[in-house]
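Q: Before we start, here is the structure in question, set down as structure tokens.
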Ligand SMILES: Nc1ncnc2c1ncn2[C@@H]1O[C@H](COP(=O)(O)OP(=O)(O)OP(=O)(O)O)[C@@H](O)[C@H]1O
Ligand SMILES: [Mg+2]
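Residue numbers (my numbering): 412 to 730.
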């Protein structure tokens with residue numbers, strides 16, 4: 412069983428515009444889709460489509476539209492009752508692939524709702540192989556919620572992945588080495604925030620084909636107590652640092668259609684390879700194959716096994 416936790420889920424409304432977005436203009440929408448979303452929900456969907464037993468845990472009222480949307484997808488989920496309505500996040504896509512995202516903050520959770528969500532997650536995690544903690548935190552949740560959850564989850568024997576940004580990511584790293592965990596998946600901006608590097612320099616080096624600055628920054632996080640650091644670099648691929656070594660994977664060059672869900676698909680790919688007992692190189696290749704497959708699929712479409720080819724990913728060992 413793989414459990415995902417989406418602290419601040421969203422109903423994702425994606426509108427395709429008939430012409431490029433102009434500030435202050437009036438736009439018509441060619442098509443609109445509404446789907447249950449949030450990073451942990453996306454990770455769970457990829458894993459579920461790959462045949463894994465999953466459970467997506469999220470705070471949401473039983474009559475919330477996101478629960479109806481989840482039921483319609485058939486994704487196993489556990490919604491923990493809250494009083495507010497789950498947010499709607501709006502994505503505007505244009506014909507050339509440009510996407511504009513407008514994210515709401517989400518409903519405010521009470522202390523009792525935060526405790527109830529944590530209790531449900533811990534119950535689900537008992538006996539699980541992996542737990543993925545994904546995305547932003549809702550108002551009302553403590554900024555170190557993920558760090559506290561890591562501390563509560565690790566004694567259950569599961570492996571824990573964290574994919575978040577800004578203050579919640581900083582808090583989970585500040586809690587190291589005490590609240591040590593198994594996988595963190597920063598992108599170049601998040602990695603730079605955590606390590607004090609310049610994000611433009613990190614990304615530019617990787618684009619030039621020199622992943623060593625990213626690997627050095629990722630290694631500094633690994634040394635603080637995260638077993639595996641998967642630093643994703645968009646079109647430049649990803650770097651993995653573990654106790655066994657450091658590797659760089661080039662992203663297959665594909666026509667990019669929508670990068671929505673690329674990071675979440677990378678996390679799902681890593682976990683899929685990890686539960687299959689794969690080597691670090693293969694975990695990295697599977698993560699990048701999933702991320703790049705997501706980038707090559709239109710809209711919010713997430714990769715299915717037939718979309719993914721880890722053998723096509725070129726891996727380099729970094730000394
Ligand atoms: N333009 C692209 N071309 C090819 N692959 C891509 C592209 N963008 C993303 N990917 C793939 O997706 C992975 C994750 O992308 P990225 O580093 O942008 O994640 P992220 O910023 O965390 O995304 P998210 O917005 O989903 O959180 C990359 O490692 C790569 O495999
Ligand atoms: Mg991300």
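All C-beta atoms in this analysis are idealised placements derived from N, C-alpha and C, irrespective of residue type, glycine included.
Answer yes or no: do residue 502 and residue 671 have a C-beta to C-beta separation smaller than 8 Å?
A: yes
Q: Can you tell me which residues form a DSSP beta bridge with residue 440?
A: 428
Q: What are the complete beta strand (DSSP E) segments, minimum 3 residues, inside the region 618-660?
A: 637-643, 649-653 and 656-660
Q: Can you give the Cα-Cα distance for residue 479 and residue 719, rounded to whole angstroms?
A: Cα-Cα distance, rounded: 29 Å.
Q: Under 7 Å: does the beta carbon of residue 718 sit that close to some heavy atom of ligand 2?
A: No - ligand 2 has no heavy atom lying nearer than 7 Å to the Cβ of residue 718.
Q: Can you pull every residue whose C-beta falls closer than 5 Å to some heavy atom of ligand 1, listed in chain order?
A: The set, ordered by position in the chain, is 598, 643, 645, 646, 649, 662, 667, 670, 673, 674, 677, 699, 702, 703 and 706.
Q: Using alpha carbons as the reference points, say which of 678, 474, 504 and 621 lies closest to residue 491.
A: A check of alpha carbon separations from residue 491 across 678, 474, 504 and 621 identifies 474 as the nearest.
Q: Identify which residue in 565, 558, 545 and 518 has its Cα closest to the Cα of residue 574.
A: 545
Q: Taking the alpha-carbon positions, what's the residue 668 to residue 461 distance?
A: 22 Å
Q: Just to confirm my understanding: we take residue 447, look at its own chain, exclude 5 residues before and 5 after, and list those with CB closer than 6 Å. What are they?
A: 477, 480 and 481
Q: Beta-carbon separation of residue 529 and residue 414 under 8 Å?
A: no
Q: Any heavy atom of ligand 2 closer than 7 Å to the beta-carbon of residue 574?
A: yes
Q: Can you check whether the CB of residue 571 is closer than 8 Å to the CB of residue 542?
A: Contact check for residue 542 against residue 571 passes: the beta carbons are separated by less than 8 Å.
Q: Checking the sheet assignment: what are the DSSP bridge partners for residue 541?
A: Answer is 413 and 570.
Q: If you reduce the DSSP assignment to three classes, tell me which class residue 580 lands in.
A: helix
Q: In the DSSP assignment, what residue or residues form a beta bridge with residue 421?
A: 448 and 498
Q: Do residue 418 and residue 548 have their CB atoms nearer than 8 Å?
A: Cβ atoms of residue 418 and residue 548: closer than 8 Å.
Q: Closest to residue 588 by CA distance: which of 561, 567 and 579 is it?
A: 561
Q: Please identify the residue among 472, 655 and 621 whose C-alpha is closest to the C-alpha of residue 690.
A: Ranked by Cα distance from residue 690, the options 472, 655 and 621 are led by 655.
Q: Where does residue 619 land, buried or exposed, given buried means 16+ other C-beta within 10 angstroms?
A: exposed
Q: When DSSP labels each residue in this structure, what does residue 528 get in the three-state scheme?
A: Here residue 528 sits in helix by DSSP.
Q: Evaluate contact between the region 675-683 and the region 695-713, counting only Cβ atoms and requiring at least three cross-stretch pairs below 8 Å.
A: yes
Q: Measure the C-alpha to C-alpha separation of residue 625 and residue 633 and round it to an integer number of angstroms.
A: 12 Å
Q: Would you check if the distance between the CB atom of residue 662 and the CB atom of residue 639 is smaller than 8 Å?
A: no
Q: Let me know the secondary structure DSSP gives residue 565 once reduced to three states.
A: helix
Q: Count the other C-beta atoms from every protein chain shown that fall within 10 angstroms of the C-beta of residue 522, then say buried if there are 16 or more, exposed otherwise.
A: exposed
Q: Would a C-beta distance cut-off of 8 Å place residue 579 and residue 550 closer than the cut-off?
A: no
Q: Along the alpha helix (DSSP H) that carries residue 606, what are the first and last residues, could you check?
A: 599-606
Q: Near residue 442, which residues of its chain fall below 6 Å by C-beta distance, leaving aside the five closest residues on each side in sequence?
A: 427
Q: Between residue 614 and residue 599, what straight-line distance do the alpha-carbon atoms span, to the nearest angstrom?
A: 6 Å
Q: Specify the secondary structure class of residue 513 as computed by DSSP and reduced to three states.
A: strand
Q: Please name the residue, chosen from 493, 432, 463 and 576, that lies closest to residue 505 on a Cα-to-Cα basis.
A: Closest by alpha carbon: 432.
Q: If I'm right that residue 650 touches residue 696 with Cβ under 8 Å, what's the distance once you round it to whole angstroms?
A: The pair is not a contact, with the Cβ atoms about 13 Å apart (cut-off 8 Å).
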